[in-house]
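Residue 471 is where the sequence shown starts when you use our numbering, and the numbers rise one by one after that. Encoded as structure tokens, the structure appears first; notes follow it.
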Amino acid sequence: MDEDELSKWKRAGGIAGKARDLGARMVEEGVTYLEVANTVEDLIRDHGARVAFPTNIAINDIAAHYTPKPNDKGKFQYGDLVKIDVGAHIDGRIGDTAKTVEVGSNTYHGLILAAKLSLESAIEVIRGGISLSTIGSIVERTINSSGFKPIVNLTGHSIERYNLHAGLSVPNYDDRSRDYLPVGTIVAIEPFATTGVGEVTSGKRSNIYRFVRPRGKLKEDQIAAMEILRSEMNRLPFSERWLSRKIERSERPLKGLVRAGSVYSYPILKETSGGMVAQWEHTLYVTENGCKVLTY
Ligand code: MN
Ligand code: MN
């Protein structure tokens, strides 16, 4: 990747990092999820980037895939453990980053720190040619030594233009795989630490969607919605909040498209045993001798 191309990824990553930090700072008792998601996404647009996926606000035993609905009334409560996961892109060059904060209390400081330290330990050793299981093993050991468990069925992932999950999955434990990280890879590393058994289960539909392909016999309003998704989203995930700003009464065509299989609806991911979950994530560029963090 040449310097000019890398600087674009870096710009997107920097904006995602700013948005993540603003979102995390806003999390306080009584603040609505909607205020945080909207402010985070406004910052991304104000900086000349686009929202790569709806701001994920995952609370307590929810690990990922929740974003507020257009009229969401949900508010942060004292003691909530909150993951803010943010994505910004510039012409498809995506920065994906997350952090965890606690609302008012200080109960889960150790759990939050375990997730953060495991990411930092991984960043220290990542370089071109490292095996994915070595990264997983370091994440796992760091989290275990803090007295918690990594979530084994959530992974980091390589990123390519307009492709958030581009093929390589980076485990959060030693999965014995022999795949490795080639020099020049853009990769998101995202350890999840939990007080539970270390696994997530798919639950109800979240408000996060992705256009898949045209399928079935579609009605007029569904075709109109699909055209907007195709032209503006480039197959990146979107929210009902976003679509409702583009078309009136978006709920109906969206439901129809999901039923037809044209649009995929991500399930909410919960820790299987109800354990509390902390997450930390950065997007990196892998070099011969190390890596560059793009989302500081
Ligand atoms: Mn993320
Ligand atoms: Mn990610």
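For each residue, glycine too, the CB sits at the ideal point set by N, CA and C. What you are looking at is a predicted structure, and each value in this text was computed from that prediction instead of being measured.
In this structure Trp750 touches Thr570 by the C-beta definition: roughly 7 Å separates them, less than 8 Å. For the 8 Å CB-CB criterion, Lys553 and Ala568 form a contact. Contact between the segment 637-657 and the segment 671-687 is not established, with fewer than three Cβ pairs separated by less than 8 Å.
By the Cβ neighbour-count rule, Thr577 is exposed, with fewer than 16 other Cβ atoms within 10 Å of its own.
Taking C-beta separations shorter than 7 Å and ignoring five residues to either side along the sequence, the partners of Ile717 in its chain run Ala694, Ala695, Ile698, following chain order. By a beta-carbon distance limit of 8 Å, Gly745 contacts Gly666. Their separation comes to about 2 Å. If the five residues before and after Asn623 are omitted, its C-beta is found closer than 7 Å to the C-beta atoms of Glu669, Val670, all from its own chain and listed in chain order. Along the segment 644-705, the beta strand (DSSP E) occurs as fully enclosed runs of 3 or more residues at 656-659, 662-664, 670-681, listed in sequence order. Selection Gly580, Ala528, Glu702, Gly626 evaluated against Ile593 yields Gly626 as nearest (Cα-Cα). In this structure, DSSP gives Leu638 a state outside helix and strand, which the three-state scheme calls coil.
The beta carbon of Ala658 sits closer than 7 Å to at least one heavy atom of ligand 2. With a cutoff of 7 Å, His627 counts as near ligand 2, since its C-beta is closer than that to a heavy atom of the ligand. In this structure Glu758 is not in contact with Val657, their Cβ atoms being roughly 15 Å apart against a cut-off of 8 Å.
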